Amino acid sequence: MLNLRYNNFKGNIPHFCRDEGLMRILDLSHNQLQGKIPESLIKCKDLLVLNLGHNQISDTFPFWLQSLPKLHILILGSNKLHGPIWHTHNSINFLVLIIIDISHNDFAGSIPSEYFRNWTSMTPNVSQKYKSGKREVLSFMEASWYKLDSVTVINKGQQMEVIRNVDIFVSIDLSCNKFHGEIPSTIWELQSLVMLNLSNNNFNGFIPSSIGNLRQLQSLDLSNNKLSCKIPQQLTSLTFLAYLNLSQNQLVGPIPQGGQIWTFQNSSFERNLGLCDFPLSRKCGTPPSTSSTSDNHDSEKSDSIFDFGWKVVAVGYGCGVLVGLVIGHVFTSRRPNLIFKIFRLRV
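Per numbering that gives the first Met the number 0, residue 0 is the first one in the sequence shown, and the count goes up by one each step.
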């Protein structure tokens with residue numbers, strides 16, 4: 000294990016595992032490392048955890064990491080990684096991956112619907128394979144006194160800690176990138192998922208009823224995208240769901256009632272103008288409130304009239320002062336006849 004996180008290392012990442020090394024955990028997170036991810040890591044055949052998060056690494060998605068047969072945890076978040084995360088000539092088969100975090104980068108493009116088809120460690124039909132891999136990771140981490148950072152989700156642009164590092168759970172975090180298009184349909188087949196964060200992208204389309212397959216899901220964040228249509232009723236069947244954020248989308252219709260939905264606040268659904276019913280104050284059948292818009296317009300109109308009135312008063316006051324000064328000067332200079340001539344007055 001090599002744990003060098005939370006230092007001030009700079010420059011490029013050095014080459015590791017040049018000679019088929021036995022490294023299990025490599026954590027270089029929270030430094031100022033730059034450059035590319037060295038492909039020499041492909042020789043680290045026993046690597047369980049790779050954490051390069053919170054650096055300044057500028058590279059494309061490292062497709063070649065999928066060839067690491069034991070890689071269970073991949074954290075690349077908060078870097079300067081860019082480009083698509085798939086290639087027409089490369090299928091992505093992270094067969095044993097349990098946690099992936101590529102959030103807060105510049106990844107872009109659409110993600111094919113079949114992208115997650117072969118992520119078998121996240122599906123229950125290989126639960127024994129998942130459990131054995133999880134036991135291996137946990138036992139080695141415990142023996143090495145190594146712990147992952149606490150897991151966070153994004154709420155209103157702020158990081159909020161939701162789950163402490165007491166266990167390893169299946170999670171996918173693609174948040175804060177530039178992905179667009181529909182959410183890959185195969186992601187709803189990963190029935191062992193505990194946390195899914197796709198927030199702050201440009202995903203469109205709808206939330207399918209197959210979301211009900213994610214029976215283990217505890218945290219779901221799809222906020223700040225362009226998702227439309229209705230929220231599926233199957234969302235209420237997720238009995239372990241403790242955190243939900245669907246805000247800032249284009250969702251419409253009634254919010255499904257029942258299950259964990261009743262435990263969430265307005266903030267989980269806000270800024271979807273077409274949504275209605277509990278926990279929102281707007282009931283279905285009533286138009287979205289425009290009072291705030293009209294109030295702002297009236298306020299602007301009122302302010303404009305107020306400003307114009309003060310301008311008139313100020314101009315009149317200035318003119319009066321000027322005339323008063325002129326008349327005062329004439330009288331003090333003992334030339335009042337000039338005033339009488341100007342205004343055609345007789346003495």
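Glycine included, each C-beta is placed from N, C-alpha and C at the ideal position.
Please read these numbers as outputs of a predicted model, since none were measured by experiment.
C-alpha distance - residue i paired with residue j, whole-angstrom precision
| i | j | result |
| --- | --- | --- |
| Phe277 | Ser267 | 11 Å |
| Ser112 | Pro287 | 34 Å |
| Asn30 | Phe62 | 23 Å |
| Leu279 | Asp220 | 18 Å |
| Leu240 | Asp26 | 30 Å |
| Pro68 | Phe93 | 9 Å |
| Ser290 | Gln249 | At Ser290, the pLDDT of 45 sits below 50, so the modelled position is not reliable and the matter cannot be decided from this model. |
| Gln215 | Cys228 | 25 Å |
| Val322 | Leu272 | Here the model assigns Val322 a pLDDT of 48, short of 50, so the residue's position is not dependable and the matter cannot be decided. |
| Thr59 | Thr285 | 48 Å |
| Cys43 | Asn7 | 25 Å |
| Leu274 | Ile230 | 9 Å |
| Leu21 | Gln232 | 48 Å |
Identity of the residue in the options nearest residue i by Cα
| i | options | result |
| --- | --- | --- |
| Thr235 | Asn223, Ile254, Leu221, Ser246 | Ile254 |
| Ile41 | Leu64, Lys9, Arg23 | Leu64 |
| Ser28 | Asp45, Leu75, Pro207, Arg17 | Leu75 |
| Gly252 | Leu240, Arg281, Ala241 | Arg281 |
| Asp45 | Gln33, Val95, Ile91, Asn6 | Val95 |
| Gln190 | Gly10, Leu3, Trp118, Cys43 | Trp118 |
| Leu192 | Met0, Phe60, Val169 | Val169 |
| Trp261 | Cys283, Gly284, Leu237 | Leu237 |
| Met194 | Leu3, Asp100, Leu21, Leu49 | Asp100 |
Residue j beta carbon less than 9 Å from that of residue i
| i | j | result |
| --- | --- | --- |
| Leu243 | Gln256 | no |
| Ile182 | Ile110 | yes |
| His86 | Ala107 | no |
| Ser57 | Lys35 | yes |
| Pro37 | His53 | no |
| Leu47 | His71 | yes |
| Asn196 | Ser218 | yes |
| Ser39 | Arg23 | no |
| Ile91 | Leu73 | no |
| Phe115 | Thr185 | yes |
| Ile171 | Met121 | yes |
Residues near residue i in its chain [Cβ-Cβ closer than 8 Å; skip 5 each side]
| i | result |
| --- | --- |
| Asn200 | Leu173, Ser174, Cys175, Asn176, Lys177, Phe178, His179, Asn223, Asn224 |
| Trp187 | Pro207, Ser209, Ile210, Asn212, Leu213 |
| Ser77 | Gly52, His53, Asn54, Ser102, His103, Asn104 |
| Gln33 | Lys9, Gly10, Asn11, Asn54, Gln55, Ile56, Ser57 |
| Cys283 | Gly252, Pro253, Cys275, Asp276 |
Per DSSP, cross-strand counterpart(s) of residue i
| i | result |
| --- | --- |
| Ala107 | Lys177 |
| Phe202 | Gly180 |
| Gln33 | Asn11 |
| Leu219 | Leu195, Leu243 |
| Gly76 | DSSP, once it has assigned bridges, lists no residue as partnering Gly76. |
| Thr59 | His81 |
| Asn358 | Residue 358 lies beyond the stretch modelled for the chain, which goes from 0 to 346, so this question has no answer here. |
| Asn2 | Asp26 |
Same chain only: Cβ atoms within 6 Å of residue i, ignoring 5 sequence neighbours per side
| i | result |
| --- | --- |
| Arg270 | Ser246, Gln247 |
| Tyr5 | His29 |
| Leu1 | Leu25 |
| Ser198 | Ile153, Ser174, Asp220, Ser222, Asn223 |
| Pro123 | Gln190, Ser191 |
Beta-carbon proximity list for residue i, same chain, < 7 Å, skipping 5 on both sides
| i | result |
| --- | --- |
| Asn265 | Pro278, Leu279 |
| Leu226 | Phe202, Asn203, Gly204, Phe205, Ile206, Asn248, Gln249, Leu250 |
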